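Taking the working numbering, the leading residue of the sequence shown gets -2, the next gets one more, and so forth.
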Amino acid sequence: MGIMPIKESESLDSFFDGYVHKHTSFKEFVDKYDLALQRKHLKEAMTDMESRSSSFDLKTKCKFELQLSRIFTKEIFNKFQTEVEGIYSCFNTRQVNINGPIMTFVVKERVESEGSEKEIRQLRFSMRQHK
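Below you can see the structure in the form of structure tokens.
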């Protein structure tokens, strides 16, 4: 048995919900921890199986999106699609400064605001060059 990290979106309370309470002994905690871990693994396996048997809405015509839809779970694939959509909304990227190994860029992106109106946002970011 190893201690498993809890996801950011999952609190300790929800992980142990129904298994431990404030009067739980350490031995009982260890036993209940194993049960909670088994429940978590079973839930992940069921979610993975459901994802594998369903098809996803593809948002691009890129072959890599179709390939990844076949191997990612639905949750991970949705995160991937959000990142791809973000890339497509970027335009007019330009380098504005170099200071030693630090390069600074300005990127413009189209963002939907309230009422589905598109606005253009300008982002400035810096990154370190790897040599």
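Glycine included, C-beta positions come from ideal geometry on N, C-alpha and C. All values reported here derive from a predicted model rather than from experimental measurement.
Cutoff 6 angstroms; reference residue i; Cβ partners in own chain excluding five residues on either side
i     : result
Lys29 : Tyr16 and Val17
Cys87 : Val104 and Glu106
Lys19 : none
For residue i, the nearest candidate out of the options (CA to CA)
i      : options                        : result
Phe122 : Gln92, Lys76 and Asn75         : Gln92
Glu106 : Pro98, Leu65, Leu34 and Gly83  : Gly83
His127 : Met100, Glu25 and Tyr85        : Met100
Val104 : Glu111, Lys40, Ser22 and Tyr85 : Tyr85
Thr57  : Thr70, Gln78 and Thr90         : Gln78
Ser52  : Phe88, Phe102 and Arg67        : Arg67
Thr90  : Glu111, Val81 and Phe102       : Phe102
Beta-bridge partners of residue i, as assigned by DSSP
i      : result
Asn94  : Thr101
Glu109 : Lys115
Phe77  : DSSP, once it has assigned bridges, lists no residue as partnering Phe77.
Leu120 : Val104
Phe88  : Lys105
Arg125 : Ile99
Contacts around residue i, its chain only, beta-carbon distance under 7 angstroms, and the 5 residues preceding and following it disregarded
i      : result
Arg125 : Pro98 and Ile99
Ser110 : Glu116
Residue i classed as buried or exposed, judged by whether at least 16 other C-beta atoms fall within 10 angstroms
i      : result
Gln119 : exposed
Gln165 : Outside the displayed range of the chain (-2 to 128) lies residue 165, so it cannot be described from this structure.
Ile117 : exposed
Residues near residue i in its chain [Cβ-Cβ closer than 8 angstroms; skip 5 each side]
i      : result
Leu63  : Leu55
Val108 : Ser86, Lys115, Glu116, Ile117 and Arg118
Phe26  : Val17
Worksheet item: Is the number of C-beta pairs between the segment 30 to 45 and the segment 73 to 84 that are closer than 8 angstroms three or more?
Response: no
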